[in-house]
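Engineer:
Residue numbers (this note's numbering): 8 to 1042.
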């Protein structure tokens, strides 16, 4: 309704003027409906009150003043068909004004408004009232000729004891006095003696109050959580009771303090809204009433209902990831935070399909290379996001296993609930290029949680955890080198080796598989496809453009891949060991990876710990509860041994149990297996029985067609040399062989020194790169060469070859001790030559540990033996192969077990070494002559004797000649020889002063000069020549 202003009676133009002024000053104006303009006078109000409170209001809305001459009011009482009372009207009614005819005894309020009065008896509720113009009815209240009894209509909208006001929608009178009459159709009813509306009327309809607008508007979005609500009504109103309700989808019903009015009200909710909820504001119509006097209507026609949604989580302020990460090793901000980023790695779900979370990265970053822009979100087994989504996450920032993470609370196992993760659209982040070497060990921390790319060509260097955890180590070799090598494999122990190890550590990164489970059924190949027999890799193969998220877990920086890498099979499998030159004999050494005939039982089984000489130590190798392991292991081992094509093979890690012979067992032994494949009698073995006290021992097999054992085997134990501790080192096995074809002899010595894995009493790891027990191994090595210098097997031949697992890399002290020989000094004839280094160079390898290569499996030859070596090679069938291909089934799912092949590859964890020999059994030819060969006369004087010696050999162009001795058949002071001393003087190797004297009683004197010739292969021959002093000379 209009803002109430005291309007002068009958002045409609004042109302119009108010509307105009309100528009000018900006006050809200109720929009009203204007009906069709009247063309004639009609009744606008009917008062049938108590006593004589009776009046009729006649409205002129025709647009012109009307003179009432000819107009009259007639009243038909009690159903009469003729008027009982006729009152002629006088005066003029202005346009927009009303004319009031009242009973002369009416209430003063009525009379104050009256234009004409009459004191006759007036109508009651059952009487008809007619407004006539001339002879025509122009408006009728009631039905002529009909007596309704008491009244027409019911309730307030009835003709008895009520006030009726013409609806604003009526613009003409009811001219038909004979039709049925219902006041409610055109009239609004009011209680008895209601006079407030008397004196004015309009056909401009009064509108009900309404809600003109709200702030926030209906259907508004992104409303602030602490917003107030403004309600703007269409006109001034009075509100009462519970005139509004405010209900939200998440935070529920809100009460609010209402201020302002009467047109604009402000609602201040008691509590803030919550993120991304829908709220509904309802204005209750019955509790809102306009303030003006223009009636009706006074109340809103219906309840108002409007909705709005609060600001989404994606529009709230948040803490940037780089602020949480900071530039340190741990989170700069901890506790509850909200952050936002693009999902750059979705690894959600249980550990069998993911790592129970995802990585997000700030879309733009802070430009600071020292701070990471990414973070891990732990979601447990839930699946909440997809890669490429821009998400807002609320969680507890903390270090989870030293990786900055958002948890649900301050607990490693607390997952961020799905309700704390909002999808804010899509986004993208370009991978950050990372290059090696890193500046420091912790340099990758600045990329933690970020999408990265390694463009360099990186080598697959470690795969020990590939079958269990899907992990690979990728490495960038040092400049100019083919692989990353163990420090002491290339450099001297101490600072040089440690510097190499440190350099290697800055050139490696772990490539994971995006899973958190052990022994996954499907292994991820670096090329992104599944690993299979047709899609495998080997150590030494390379990858480029490795893309993924760089995370930290299990104490390692690691890449969780998001795309395939460019893979190159740079190191194909070797079909055979490779050439060892023009050899006539091949000697090899191989680690069998615990070949046991006695199966290993679980710890709680009473059959456990039945191995070793005393049958009281843990068995190794194939497990009793894995039905196929032994067959798988033996099959692979036999294939490898056959592939060596060697005539003598030294073996490590054989079962050492009383009554068990892993080499000679007729059913399951190695020799039986080889002979079943190669032919009966192809191989035989040196039957040593148990050796030492350990669960494992060394052993030796050979081909009888090529070599024959000479004499008994010998063992180096603590009893032989206390420096050789045989409770830590396995006793060394020496056996001399004679080549069937040539008769040449050599002695093979198989070793397995103490490992580096555990400390020895008084001999710990001193940090020089040689690991635990270096002194133990070094003393054993010294004892070994000293023992061999005694020719323990009685071979009579200087050809020795030391084979086996020395658990020492090339530059370590034990290898140096062997190379120096028995005199502990390099450069002498007792030195041993490292055949691997001689024939393969510094970058040889047979073993990989922690992603670094080198060789523990050695072949070292004595000086004479070295000259007869034609080559030495490592057969790379094991060190480069992932162990998912080995015989072990104890942890593997069926899909991994199915990767097994009955071939030599991954038959052990060490590569085998093969040495080619061309042993020479032919001694040099030696000729010796002297001049003079007779001394006469026997005058007791020195005679100069010169020897001429010539040595020739079938292979050595310069055999070595040495003087063995110069002897005499008589003593210096023989009877009758003049008793002169010192009869023999050696001037040099070929010149001698021999005294011309002999015993008077003997047959004459004989001097013997003996020489030895030795060729480069250790073959020797000796020859002597005589010089005589006759007893006498006949005529």
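Built from N, CA and C at the ideal position, the CB exists for glycine as well.
By DSSP, does residue 463 sit in helix, in strand, or in coil?
Structural biologist: Residue state, collapsed to three classes: coil.
Engineer: Run the proximity test for residue 63: is its beta-carbon closer than 7 Å to any non-hydrogen atom belonging to the ligand SAH?
Structural biologist: Within the structure as shown, the ligand SAH is missing, as the structure has no ligands at all.
Engineer: Closest to residue 547 by C-alpha separation, out of 225, 378, 831, 574, would be which residue?
Structural biologist: When each option's Cα is compared against that of residue 547, the closest is 574.
Engineer: Could you pull the start and end residues of the alpha helix (DSSP H) that residue 783 belongs to?
Structural biologist: Residues 781–796.
Engineer: Whole-angstrom Cβ separation of residue 104 and residue 67, contact assumed at under 8 Å?
Structural biologist: Contact flag correct, Cβ pair sits at about 6 Å.
Engineer: I'd like the ranges of any beta strand (DSSP E) spanning at least 3 consecutive residues and lying wholly in the region 717–783.
Structural biologist: Entirely contained in the region 717–783, the beta strand (DSSP E) runs reaching 3 residues are, in chain order, 737–746, 752–759.
Engineer: What is the rounded straight-line gap between the Cα of residue 240 and the Cα of residue 137?
Structural biologist: Their Cα atoms are separated by approximately 41 Å.
Engineer: Residue range of the alpha helix (DSSP H) that residue 476 falls in?
Structural biologist: Segment 473–476, the alpha helix (DSSP H) holding residue 476.
Engineer: Does residue 336 come out as helix, strand or coil in the three-state DSSP assignment?
Structural biologist: Residue 336: coil per DSSP, three-state reduction.
Engineer: Go ahead and label residue 766 buried or exposed: buried means 16 or more other beta carbons lie within 10 angstroms of its beta carbon, across all protein chains shown.
Structural biologist: Residue 766 comes out exposed.
Engineer: Just to confirm, is the Cβ distance from residue 554 to residue 533 under 8 Å?
Structural biologist: No, they are not a contact pair.
Engineer: Note the first and the last residue of the continuous beta strand (DSSP E) segment covering residue 367.
Structural biologist: Segment 364–368, the beta strand (DSSP E) holding residue 367.
Engineer: Between the alpha carbons of residue 233 and residue 567, how many angstroms are there, rounded?
Structural biologist: About 42 Å.
Engineer: Just mark residue 40 as buried or exposed, buried being the case when its beta carbon has 16 or more other beta carbons within 10 Å.
Structural biologist: Confidence at residue 40 is low in this model, with a pLDDT of 47, below 50, so the placement of that residue is unreliable and no value is reported for it.
Engineer: Using 8 Å as the limit for Cβ to Cβ distance, is residue 67 near chain C?
Structural biologist: Considering every chain present, this structure includes no chain C. It has just one protein chain.
Engineer: By a C-beta neighbour count over all protein chains shown, 10 Å radius and 16 as the cutoff for buried, is residue 218 buried or exposed?
Structural biologist: By the neighbour-count rule (16 or more Cβ atoms within 10 Å), residue 218 is buried.
Engineer: Enumerate in chain order the residues of its own chain whose CB-to-CB distance from residue 1027 is below 7 Å, with the five nearest sequence positions on each side excluded.
Structural biologist: Closer than 7 Å at the Cβ level, and outside the excluded window around residue 1027, lie 930, 1019, 1020, 1021.
Engineer: Strictly by DSSP, which residues pair up with residue 865?
Structural biologist: Beta-bridge pairing links residue 865 to 811.
Engineer: Give the list of continuous alpha helix (DSSP H) stretches no shorter than 4 residues that lie fully inside the region 910–950.
Structural biologist: Runs found: none.
Engineer: Return yes when the Cβ of residue 455 is within less than 8 Å of the Cβ of residue 559, no when it is not.
Structural biologist: Yes, these two residues count as a Cβ contact at 8 Å.
Engineer: Kindly list the residues whose CB is nearer than 8 Å to the CB of residue 1091, restricted to its own chain and excluding five residues on each side of it in sequence; keep chain order.
Structural biologist: Absent from the structure is residue 1091, since the part of the chain shown begins at 8 and ends at 1042.
Engineer: Answer with buried or exposed for residue 442, where buried requires no fewer than 16 other C-beta atoms within 10 angstroms of its C-beta.
Structural biologist: Residue 442 comes out exposed.
Engineer: For residue 50, which residues in the same chain have their Cβ closer than 8 Å to its Cβ, ignoring the five residues on either side in sequence?
Structural biologist: Contacts found: 63, 64, 65, 66, 136, 138, 146, 148, 173, 180.
Engineer: Nearest to residue 5 by CA position, among 848, 427, 141, is which residue?
Structural biologist: Residue 5 cannot be examined here, being either before or after the span of the chain that is shown, 8 to 1042.
Engineer: Using CA atoms only, rank isn't needed, just tell me which of 949, 318, 290 is closest to residue 309.
Structural biologist: Residue 309 has its Cα closest to that of 290, out of 949, 318, 290.
Engineer: Applying the 10 Å Cβ sphere with the 16-neighbour rule, what's the burial state of residue 706?
Structural biologist: Under this definition residue 706 is a buried residue.
Engineer: Would you check if the region 486–501 and the region 408–423 touch, i.e. whether three or more CB-CB distances between them fall below 8 Å?
Structural biologist: No, the region 408–423 does not touch the region 486–501.
Engineer: I'd like to know if the region 869–886 and the region 905–919 are in contact, where contact means that at least 3 CB-CB pairs between them fall below 8 Å.
Structural biologist: Contact between the region 869–886 and the region 905–919 is present, because at least three Cβ pairs lie under 8 Å.
Engineer: Taking all protein chains shown into account, decide if residue 821 is buried (16 or more other Cβ within 10 angstroms of its Cβ) or exposed.
Structural biologist: Buried.
Engineer: May I have the straight-line CA-CA distance separating residue 497 from residue 776, to the nearest angstrom?
Structural biologist: Near 11 Å, if we compare the C-alpha coordinates of residue 776 and residue 497.
Engineer: What span of residues does the beta strand (DSSP E) with residue 78 cover, start to end?
Structural biologist: Looking at the DSSP string, the run of the beta strand (DSSP E) that includes residue 78 is 78–83.
Engineer: State yes or no: is the C-beta of residue 195 within less than 8 Å of the C-beta of residue 242?
Structural biologist: Cβ distance not < 8 Å, so residue 195 and residue 242 don't count as in contact.
Engineer: For the beta strand (DSSP E) containing residue 707, name the first residue and the last one.
Structural biologist: Run containing residue 707: 703–709, per the beta strand (DSSP E) assignment.
Engineer: From residue 170 to residue 216, what distance separates their C-alpha atoms?
Structural biologist: Approximately 24 Å between the Cα atoms of the pair.
Engineer: DSSP three-state call for residue 657: helix, strand or coil?
Structural biologist: Residue 657 falls in the strand class under three-state DSSP.
Engineer: Quick check on this structure: which residue in 842, 913, 1030 has the alpha carbon closest to the alpha carbon of residue 934?
Structural biologist: Comparing Cα-Cα distances from residue 934 to each of 842, 913, 1030, the minimum goes to 1030.
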